[in-house]
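**Q** Residue numbers (the UniProt record's numbering): 1 to 138.
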Amino acid sequence: MSQILGPDQHGKKLPDFLALFKEVKEKASAVSVAVETLASRAGSKELSTEAGLSFLEMKNHVMLSYLLDLTHVIWCKVSGKSISGDPSIRRLVQARTVLERIRPIDQKLKYQIDKIVKTATTGTVDADDPLRFRANPA
1 MSQILGPDQH
11 GKKLPDFLAL
21 FKEVKEKASA
31 VSVAVETLAS
41 RAGSKELSTE
51 AGLSFLEMKN
61 HVMLSYLLDL
71 THVIWCKVSG
81 KSISGDPSIR
91 RLVQARTVLE
101 RIRPIDQKLK
111 YQIDKIVKTA
121 TTGTVDADDP
131 LRFRANPA
């Protein structure tokens with residue numbers, strides 16, 4: 001259960017809070033640089049997503065939208081603004097619902113995705129792959 005700190009306890013927790021805040025700031029700048037790099041690569045067609053799975057692309061878009069809206073809500077809460085009636089709340093619920101509904105599909109595709117990624121990274125097909133031993137009716 002959460003405790004409410006008294007005025008004398010705020011001073012004790014302040015160095016911990018400042019250290020955590022500094023760490024968040026550093027991580028946020030690192031993430032910002034990584035996102036800018038990926039965005040520029042995707043915009044210049046250096047990072048092609050045309051041959052990828054549209055399911056994964058849709059999942060990434062929904063997750064990105066969810067994180068952006070969540071960041072907006074956190075920013076509103078930290079700055080003391082009211083979030084009642086904010087459209088980002090509706091979008092958060094919608095994105096969360098989509099992510100929960102696609103979880104079974106994601107689990108069904110996990111083996112195939114892992115197999116494709118492994119083949120793409122190593123360049124060879126696993127000799128012990130169970131799907132290699134299936135019947136070929138043709």
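The beta carbon of each residue, even a glycine, is placed where N, CA and C say it ideally should be.
Under a Cβ-count criterion, where at least 16 other Cβ atoms within 10 Å of its own Cβ denotes burial, should Ala95 be classed as buried or exposed?
**A** It counts as buried.
**Q** Do Tyr66 and Leu38 have their C-beta atoms closer together than 9 Å?
**A** Not closer than 9 Å, so no.
**Q** Rounded to whole angstroms, what is the Cα-Cα separation between Ala135 and Asn60?
**A** Cα to Cα, Ala135 sits roughly 35 Å from Asn60.
**Q** Please classify Leu20: is it buried, with 16 or more other beta-carbons within 10 angstroms of its beta-carbon, or exposed?
**A** Answer is exposed; the Cβ neighbour count stays below 16.
**Q** Closest by CA to Trp75, which one among Met63, Ser88 and Ala120?
**A** Comparing Cα-Cα distances from Trp75 to each of Met63, Ser88 and Ala120, the minimum goes to Ser88.
**Q** How would you label Leu92, buried or exposed, when you count the other beta carbons within 10 angstroms and need 16 or more for buried?
**A** Classification for Leu92: buried.
**Q** Can you list, in chain order, the residues of its chain with a C-beta nearer than 6 Å to that of Ile116? Leave out the 5 residues immediately preceding and following it.
**A** So the list is empty, once near-sequence residues are dropped.
**Q** In three-state DSSP terms, what is Ser32?
**A** Helix, per DSSP.
**Q** If you draw a straight line from the alpha carbon of Leu109 to that of Ile102, how long is it in whole angstroms?
**A** C-alpha separation (whole angstroms): 11 Å.
**Q** What are the boundary residues of the alpha helix (DSSP H) that includes Arg96?
**A** Element bounds for Arg96: Pro87 to Arg101.
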